[in-house]
Each structure stands twice: as structure tokens, then as C-alpha cells.
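The next block holds one structure in the form of C-alpha cells; read it before the comments.
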Amino acid sequence: MAVAKSIKMYLTIFVATTCIYMVLYQYHLSRQPIPQPEYIVKPPLYIITPTFRRAEQLAELTRLGYTLKHVVNLLWLVIEDANQTSPLVIHTLNRIGVPYEYFLAPMPEEYKKAKKTKPRGVSNRNRGLEYIRANATSGVFYFADDDNTYDISIFEQMRYTKKVSMWPVGLVTQFGVSSPIIREGKIKGFYDGWIGGRKFPVDMAGFAVSVKFLHERPNAKMPFKPGYEEDGFLKSLAPLNLTEIELLASNCTEILTWHTQTKKNANAAALNVSTYGDTNLVELNKFLVRT
Ligand code: UGA
Ligand code: MN
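According to full-length UniProt numbering, the sequence shown holds residues 1 to 291 in order.
Next up, the structure:
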């Protein structure tokens, strides 16, 4: 009788201990990170977007931002040509919800005063490059102006750029498109309505660069030279041969980015507060970007 009792007791202890171990083991497993297959972790994309204060600013950033929201593992570097941060831009970026950094990079006064064409977005892009040099170790960066249209598939293609990749951009010059000219799979020149003696007559929206490649070229930056920003930057990436350029958009046979150029809107007229001071227009007025 006593033997049966002690067997029962030992069995109970054994079962209880086993159960406790199983629970602890399950807990331990649940704390382990789920192993990610290699192919799920995509190289990071850094999207450098110059922006500046004007009536269309929030509309442009909203349109671009929601496009970028479809793209994983992306950091949006929004860089404003201004001396002070804009609460409206910050509000818009927070609302969109794409991971971002927001910096200021005003155009130097000497260029701002110039009566001729200005080097638009150059200080912004160089600030973006500075961020990448200081913070990024892998992946790819791309200059995405705020007034363009982007098919999201181009982001998945440019993500794997080893050195520099290129593709066509629609709505550029009287030719309707700016593109490398490809014959038998190789770049034979550039199709663009304005060549202007450039080695790389391409649009800002038509190329991406690997972060590692940039790190190997510590002096690469964009010149303050209207019309020659792309060419100057690509030349600063030397050594870079045409044969090394990776061709995207199905060997440059598709248009996946466009230089849309939004119509310029005048500053909104001032709100007459004595007439509308007790209406919704007071709140709305806060969202009108005026220069
Ligand atoms: C085109 C190219 O897309 C630019 O990258 C290039 O700098 C320019 O030509 C040039 O060759 O000078 P474009 O359409 O003429 O640009 O100029 P915008 O679209 O007005 O500006 C380009 C980017 O810079 C935009 O993202 C815009 O928001 C920004 N920008 C523009 C500023 O940051 N400050 C300005 O005063 C004007
Ligand atoms: Mn533009």
C-alpha cells in the first residue's frame, strides 16, 4: 500500500515538473526573435527630397509621401531650403507616417540673389549626402524632387544598385523623355532635348547610387551650377564608366518616373478676419502656405 502511495507521489512530482519545464521552455521560445529569412531583409533606401516654402508645398509632400508609404525599409530625408523649420511640414510628415528625418539647408545668399536660374535644391541634396555619410553603411540613395511622379516599382529596382543605376524620366524637354540610349544592351549615348556639353545628360529623377559607392568617394557632392547639378554630381563620383551603369526599367524601355512640374499657384489672399473670424476658415487658413 505504502509502495503504491509513494509511486503515485513520485509520478505526480514528475508530471508537475515536466509541465513546469514545458511552460518555461515555451516562454523561452516566445522570447527568441523569429529568424528572418535573408531575402525578407531588403537593403535600405534613402530618399533625399529637397523642398521649399510655396503654395503647393504640402500638396506635393503629401502626394510623394503616400507613394513612399508603399515602400518598405525606407528613410525619407526631407530637407527644406529655409532658415526655420515649418510646423506645417512637420505636421504633414507626421500625418503621412513614413519614417523621416527633417533638416534645413538654406540656399547660400549669393545664389539666392542671382537674377538668372538658381541652383535649386542643391544645398538640400548636399545636406542629404552629409546625413548618409554620417549615418548609413549600406543600401542605396535617390534624389526624389517633391514635384515628380514615381511608380513604386522603381524603388524596388533601385534598391539593389551596386554602383550607379539609371532609367528614363518622362516629361523632360521637348523630347518628352530623357533616357540613356541603349543599343545591344549597352549605353550608346543619351536622349535628352538639352545636352549642353554634359557627360551625363540625365534628369535628377533618373539615377540612384549605392551608399557604399558614395563612401568610397569622399569628395563626391553636387555643384551649385544651374543645369549641371546631375552631371556635376555624377562626375564627382569618378571613376565611373558608362559600362558600369546598371540599367533599370527593363533596360530603359519603360517610363516609371516623370518630371511632372506642378502648376505654380499664387499666394492665397489674406483672410478677412472681420467677416470670417467666427468660422472654420480661421482654422483652414493655418494650412495655407504663403511666402
Ligand atoms: C530640375 C531638376 O529636377 C533639379 O533637380 C535641378 O536642380 C534643376 O532642374 C536645375 O537644373 O536647376 P526644376 O524642376 O527646374 O529642377 O526645379 P524645381 O522642381 O523647382 O526644384 C528642384 C527641387 O529643389 C524641388 O524638390 C524643390 O522643392 C527644391 N527647391 C526648389 C528648393 O529647395 N529651393 C528652391 O528655391 C527651389
Ligand atoms: Mn522640378
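Think of the CB as a built atom: it goes at the ideal place given N, C-alpha and C, for glycine as much as any other residue. Predicted model only: the values in this text are computed from it and were never measured.
Query raised in the report: Per DSSP, residue 355 forms a beta bridge with which residues?
Result: Examination of residue 355 is not possible in this model, given that the chain is present from 1 through 291 alone.
Query raised in the report: Is Asp145 near the ligand MN, in the sense that its beta carbon is under 6 Å from a heavy atom of that ligand?
Result: yes
Requested in this report: Counting only the same chain and skipping the five closest in sequence on each side, list residues whose C-beta sits under 6 Å from that of Gly65.
Outcome: Ile96 and Val98
Report task. State the CB to CB distance for the pair Val140 and Glu229, rounded to an integer number of angstroms; the pair is presumed to be in contact (CB under 8 Å). Result -> Not quite, the Cβ-Cβ distance comes to about 19 Å (not below 8 Å), so this is no contact.
**Report entry** Residue range of the unbroken alpha helix (DSSP H) whose run includes Thr92
**Finding:** Pro87 to Ile96
Requested in this report: Tell me whether Asn280 counts as near the ligand UGA, meaning its Cβ is closer than 6 Å to at least one heavy atom of that ligand.
Outcome: no
Requested in this report: Work out the CA separation of Leu129 and Cys252 for me, nearest whole Å.
Outcome: 26 Å
Query raised in the report: Which class does Thr257 belong to by DSSP, given the choice of helix, strand or coil?
Result: strand
Report task. Give a yes or no on whether 7 Å exceeds the smallest Cβ distance from Lys162 to chain D. Result -> The structure shown contains no chain D, having only a single protein chain.
Query raised in the report: Three-state secondary structure (DSSP) at Thr279?
Result: coil
Query raised in the report: When DSSP labels each residue in this structure, what does Ser165 get in the three-state scheme?
Result: strand
Query raised in the report: Is there at least one non-hydrogen atom of the ligand UGA closer than 6 Å to the beta-carbon of Asp192?
Result: no
Query raised in the report: Expressed to the nearest angstrom, what Euclidean distance is found between the alpha-carbon atoms of Ala270 and Leu171?
Result: 34 Å
Requested in this report: Output the distance between the C-alpha atoms of Phe200 and Glu244, rounded to the nearest integer angstrom.
Outcome: 13 Å
Requested in this report: Would you check if there are 3 or more beta carbon pairs closer than 8 Å linking the stretch 157-177 to the stretch 201-221?
Outcome: yes
Query raised in the report: According to the neighbour-count rule (16 or more other Cβ atoms, all chains shown, within 10 Å of its Cβ), is Tyr100 buried or exposed?
Result: buried
Requested in this report: List the whole-angstrom C-beta distance separating Thr49 from Leu75, where the pair is believed to meet the contact cut-off of C-beta under 8 Å.
Outcome: The pair is not a contact, with the Cβ atoms about 11 Å apart (cut-off 8 Å).
Query raised in the report: Between which two residues does the beta strand (DSSP E) harbouring Ile154 extend?
Result: Here Ile154 belongs to no beta strand (DSSP E); instead the alpha helix (DSSP H) covers Ser153 to Met158.
Query raised in the report: In whole angstroms, what separates the C-alpha of Thr161 from that of Glu110?
Result: 36 Å
Query raised in the report: How many angstroms separate the CA atom of Tyr27 from the CA atom of Ile90?
Result: 41 Å
Query raised in the report: Given 8 Å as the limit, is there contact between the stretch 131-139 and the stretch 205-222, that is, 3 or more CB pairs closer than that?
Result: yes
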